Amino acid sequence: MKRYSAQIALIVALAISLGVSLVSDNIDAYYLDIALNVGINIILAVSLNLVNGHTGQFSLGHAAFMAVGAYGASIFTLEASQQLIPMLGGPSAFATGTAFLIALVIGGLCAAICGWLVGMPSLRLRGDYLAIVTLGFNEIVRVILQNTSGDGPFGGPLGLKGIPPHSSFFWVFALAAICVYVVASMVNSTYGRGFLAVRDDEVAAGSMGINTVRYKVTAFVTGSFFAGLAGGLYAHLRTTISPEGFNFLKSFDIVVIVILGGMGSTAGVVLAAILLTVLNEFLRDAEEYRMIVFSLLLIIMMIVRPQGLLPSLPFLNRKKKSA
Amino acid sequence: MEQFFQQLLNGLFQGSIYALIALGYTMVYGVLRFINFAHGDVFMLGAFTAFGLHKWLGPTFAAIPWPVSLALTLLISMVVCAVLGMVVERLAYRPLRNRPRLNVLITAIGVSLFIEYTGQLAFGATQRPFPELIPRTAIANTGGLTISIAQVVVLATTVLLLVGLRFIVMKTKMGLAMRALSLNPTASTLMGVNNGVVISFTFGLGSALAAAGGILYASLYPSIEPFMGVQPGLKAFVAAVLGGIGNIPGAALGGLIIGITETLVKGYSQNVGIPSGYSEGVAFVILILILVFKPSGLLGKVEREKV
């Protein structure tokens, strides 16, 4: 029974998200919106945690992969969905859903390819250098999107609008559950122990025969893929996207969640995603204080409790080192 | 051809400021092995201190010749920012002295954003015109090239500060202690160096240079706002990496290369049909290339990593 507990948890989560989705018309639109934001942030934070927390690579450019996914998925929906839906048997819930899923996966794959392109050369770097390169990549993506022509597929500085609002409770939380499941089982598998080995001591891991570059790239590509999915969900929730929405501050928001939750602690990060997204809503009326609070939170966490909010839990996290 | 030389000159002036900021990164990195992300924000604070001084002492400064008021402004702002830099080090970085480098990096990002957003709250988000500390009139117009007094003074001040810094690092006892600490912190303690004092001093010195950079930058591009330090800060960091982080002449060289490349790209991109906005990304492309092909930088030493 214990062996399948992760799979059972995944199925239960999928069932709950489908169930809630069926009654979501009765939920207040405001709370539903917060809930969807929570779900998207869970995907972003858990996928970044795979890179930053489990593998020990510090990426500061997660919003860039989110942007690639958001643009990829939105362009597919805007340009190709109309042709695709009749091919899937006319405008039905099934056809729209399938087209949306294809759009999301395309967005995720675009992000994964970018993750691979950035990852291959730059993952030979470590620590703070990688942080700066990913931050630089974030800037490059923003600069490119911003300088495209206004009537091209990317919409230039104004971005894209009129994206259909396909992101429902079911899609967001089903994908969040899959993301948590994939990341947790990756890290807990025999293969995934390599991530932790790379994090704990890269040079030692390398000399034990672990192909450190491959592990780092795998983490990076997987993380980027889920960031791309989250980007697609975000685009189809907000219905408009612009290059400015995916700047360094967006990456920073995700980093704060990961740090608060505890690098390498999946459960902690999920909890932090919920806490911070809700806190964000409370601070909406005090916008000018929001970033001050977040940055102070980050500094204080680093000084007082660098391991994050939750101690490692045995189920979703790596087991505590026994003496 | 004239346009080329003009661009080259503009790049030189811009690059000299990057060089000045890059020195702060390089010094802190050389001594403590971490990137002080908040450096670009000290740069902003320097410009705002000068702005405040001129608001407060405007009539007095108007009565004395501009070189004197400029020197005074630079000096006071540098001292103010040096103190701020030391306070930041004390409160945010010192408690993390023996923690993993990533924790310190994360704290530095937090400090950076904290300064930016507190600045936005205190100064307002709007751009403000920077007072004319140095006359912006053109002095030379030979051969189609235009150079303003401000540009010459900026370059001269930068060179002066660079020479001064080199003197401090190479000829003074504090400089010797800094170099010892950067080689081996434990051994330097054993030799009687008070590491805490030296680190404080390094932060103060770096912050003073950043403040000077901020004032000079605002003299060339006369509008200031709380986020003005972000882009120059990042580019100066790239300059430090390009030159070989931890290496003082390297930082100066890197600054010049970044400044000139960026200005040339901005000047010529339109000729080949690329929007000039792409020049914002040039520094990062250089960064990725240098880190992939020569991670130790142009003048840096290769460091071996041990288990």
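Protein sequence lines correspond, in order, to chains A and B. Residues 1 to 323 in my numbering are what the first sequence lists, from first letter to last. Residues 324 to 630 in my numbering are what the second sequence lists, from first letter to last. All C-beta atoms in this analysis are idealised placements derived from N, C-alpha and C, irrespective of residue type, glycine included. Treat the numbers as computed from the prediction; the structure is a model and nothing was measured.
First and last residue of the uninterrupted alpha helix (DSSP H) at residue i
i, result
"Thr349 of chain B", "325-355"
"Gly569 of chain B", "Per DSSP, Gly569 of chain B belongs to no alpha helix (DSSP H) and is neither H nor E."
"Leu18 of chain A", "5-22"
"Met302 of chain A", "287-304"
"Ala184 of chain A", "169-188"
"Asn37 of chain A", "29-49"
"Val503 of chain B", "The identity of residue 503 of chain B in the sequence shown is Ala, whereas the question assumes Val. Where Ala503 of chain B is concerned, the enclosing alpha helix (DSSP H) stretches over 496-506."
"Ser392 of chain B", "389-411"
"Lys250 of chain A", "248-261"
"Gly369 of chain B", "362-386"
"His62 of chain A", "62-87"
"Val270 of chain A", "266-282"
"Gln307 of chain A", "No alpha helix (DSSP H) holds Gln307 of chain A; DSSP gives it neither H nor E."
"Tyr440 of chain B", "424-446"
"Leu610 of chain B", "605-616"
Proximity below 9 Å, CB of residue i to CB of residue j
i, j, result
"Asp253 of chain A", "Phe294 of chain A", "yes"
"Ser435 of chain B", "Ala534 of chain B", "no"
"Ile292 of chain A", "Pro418 of chain B", "no"
"Arg541 of chain B", "Ala394 of chain B", "It is worth fixing the name first, because residue 541 of chain B is Ala in this sequence and not Arg. Cβ atoms of Ala541 of chain B and Ala394 of chain B: not closer than 9 Å."
"Val564 of chain B", "Ile75 of chain A", "no"
"Ile571 of chain B", "Val482 of chain B", "no"
"Leu345 of chain A", "Tyr181 of chain A", "Outside the displayed span of chain A (1 to 323) sits residue 345 of chain A, for which this structure offers no information."
"Lys216 of chain A", "Met66 of chain A", "no"
"Ile580 of chain B", "Ile609 of chain B", "yes"
"Ser265 of chain A", "Gly223 of chain A", "no"
"Ile299 of chain A", "Phe357 of chain B", "no"
"Glu439 of chain B", "Phe550 of chain B", "yes"
"Gly604 of chain B", "Ile144 of chain A", "yes"
"Gly573 of chain B", "Leu621 of chain B", "yes"
"Phe220 of chain A", "Phe607 of chain B", "no"
"Leu338 of chain A", "Leu260 of chain A", "Nothing about residue 338 of chain A can be read from this structure; chain A reaches only from 1 to 323."
"Gly39 of chain A", "Leu175 of chain A", "yes"
"Val365 of chain B", "Gly569 of chain B", "no"
"Asn280 of chain A", "Asn26 of chain A", "no"
"Val255 of chain A", "Ile429 of chain B", "yes"
"His362 of chain B", "Val351 of chain B", "yes"
"Gly527 of chain B", "Val406 of chain B", "yes"
"Ser81 of chain A", "Pro164 of chain A", "yes"
"Met501 of chain B", "Val521 of chain B", "yes"
"Asn147 of chain A", "Gly600 of chain B", "yes"
"Ile43 of chain A", "Leu271 of chain A", "no"
"Arg459 of chain B", "Ile470 of chain B", "no"
Counterpart residues of residue i in DSSP-defined beta bridges
i, result
"Ser546 of chain B", "B:Pro452"
"Ser471 of chain B", "B:Ala461"
"Ile241 of chain A", "A:Leu160"
Supposed close pair residue i, residue j - CB separation, criterion 8 Å
i, j, result
"Leu158 of chain A", "Ser242 of chain A", "6 Å"
"Ser59 of chain A", "Asn52 of chain A", "6 Å"
"Ser17 of chain A", "Phe169 of chain A", "6 Å"
"Gly582 of chain B", "Gly338 of chain B", "2 Å"
"Ala45 of chain A", "Val187 of chain A", "The Cβ separation is near 15 Å, so there is no contact."
"Asp201 of chain A", "Arg424 of chain B", "Asp201 of chain A to Arg424 of chain B, Cβ: 14 Å. No contact."
"Leu543 of chain B", "Val477 of chain B", "6 Å"
"Ala559 of chain B", "Gly578 of chain B", "7 Å"
"Ala73 of chain A", "Gly231 of chain A", "7 Å"
"Leu14 of chain A", "Ala184 of chain A", "Contact doesn't hold; Cβ gap of about 15 Å is too wide."
"Thr98 of chain A", "Leu88 of chain A", "5 Å"
Test: residue i CB closer than 9 Å to a CB of chain C
i, result
"Ala606 of chain B", "Among the protein chains in the structure shown, which are A and B, there is no chain C."
Contiguous alpha helix (DSSP H) assignments of at least 4 residues, all confined to the stretch 197-229 of chain A: 202-207
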